[in-house]
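Under the UniProt record's numbering, the first residue of the sequence shown carries the number 1, and numbering increases by one thereafter.
Data block below; observations after.
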Amino acid sequence: MIPKEILKKVREIEIYTRRLVNETVAGEYHSVFKGRGMEFLEVREYQPGDDIRSIDWNVTARMGHPFVKLHVEERELTIFFLVDTSASGNFGTVNTLKGELAVELCAILAFSAIRNNDKVGLITFTDTVEKYIPPKKGKNHVLRVMRELLYFQPQGTGTNIQAALEYLNTMLKRKAVVFLVSDFIASGYEQALRITSRKHDVIPITITDPRELELPNVGFIELEDAETGEQIMLDTFDPDVRKAYRTLALEELAIRERVFRSMKLDVINIRTDQPYLQTLISFFHKRASRY
């Protein structure tokens, strides 16, 4: 039995995010994700006026006269959310936890998808794949996805993006739009991401808290890794400590951005201390300008 507070939270997120979708996001989403592929329909004999580029030369050679391939526009898309539910999602020092923000973002995109008559699926992962929900259409299905993101208690605490991507590739046979939602505090996923991006339209959504980039000047603090439990004491009064922390954080950020750029991936960078709606709109505009 799902607790009443979880159902209440699902309802609150539904009301809030659907309003954003109806007022702002739905049109932007449709302009970008409107089914750009062509699906094979049949082969028939060549007729005057047919594009010679559509001739099926194998069938033509076999039958002794020209045949062409017919295609129809593939309107329906599959939208898949690959969501990091590791322990680091329970961190947040400003307006919201990273994990809560991930749920809101998925809800906005999922409600936009069903308005576009697209299918929505979900994989949650930690250091292992935790949950798989096959893609389907409809509001009730999206609400189920939201309930799982809010209520499901993962078994793992760490992060293994590589394993999640490999699992995705075994489950999805046809091309999909894959939103990979994580703080990307992980390594070793580059090759799996490269393979996945060749088959699917992968869009990383990075979620970052400002304290992951810069320490406050508040004296001695104890930091604990939410995924490993490792603890360290730091003197944040020391400017060299703060500088070293920021330098390391920015270096890791730059490495991640280089990885995404090398694969020509569109990225949505979200921060817990900044409104995310304009970031989403900017992403849609950028994508629409290229298609």
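Each residue gets a CB set at the ideal place from its N, CA and C atoms; glycine is no exception.
Query, Result
"What's the gap between the Cα of Leu149 and the Cα of Asn217?", "35 Å"
"Taking C-beta to C-beta, are Thr128 and Asn160 nearer than 8 Å?", "yes"
"How would you write the range of the alpha helix (DSSP H) that Lys98 sits in, first residue to last?", "98 to 115"
"Quick check on this structure: which residue in Phe283, Lys286, Leu172 has the alpha carbon closest to the alpha carbon of Leu122?", "Leu172"
"Can you check which of these residues, Val32, Phe33, His65, is closest to Glu45 by C-alpha distance?", "His65"
"I'd like to check one pair, Val202 with Val178: are the Cβ atoms closer than 8 Å?", "yes"
"On the three-pair Cβ rule with 8 Å, is the region 103 to 117 touching the region 14 to 23?", "yes"
"For the alpha helix (DSSP H) that contains Ile161, what are its first and last residues?", "161 to 171"
"Given Gly188, which residues of its chain have a CB within under 7 Å of its CB, disregarding the five upstream and five downstream residues?", "Gln162"
"Assign Pro239 to one of three DSSP states: helix, strand, or coil.", "helix"
"Can the beta-carbon of Leu77 be found closer than 8 Å to that of Ile270?", "no"
"Tell me whether the region 228 to 242 and the region 260 to 268 touch, counting them as touching only if at least three CB pairs, one residue from each stretch, are closer than 8 Å.", "no"
"Quick check on DSSP: helix, strand or coil for Glu251?", "helix"
"I need the straight-line Cα distance from residue 298 to Ile52, nearest angstrom please.", "The question about residue 298 has no answer, for the chain in this structure spans 1 to 291."
"Residue range of the alpha helix (DSSP H) that Leu215 falls in?", "Unbroken run through Leu215: none, as it is neither H nor E."
"Please report the distance separating the alpha-carbon of Leu253 from that of Asp84.", "18 Å"
"Give the secondary structure of Leu234 by DSSP, where H, G and I count as helix, E and B as strand, and everything else as coil.", "strand"
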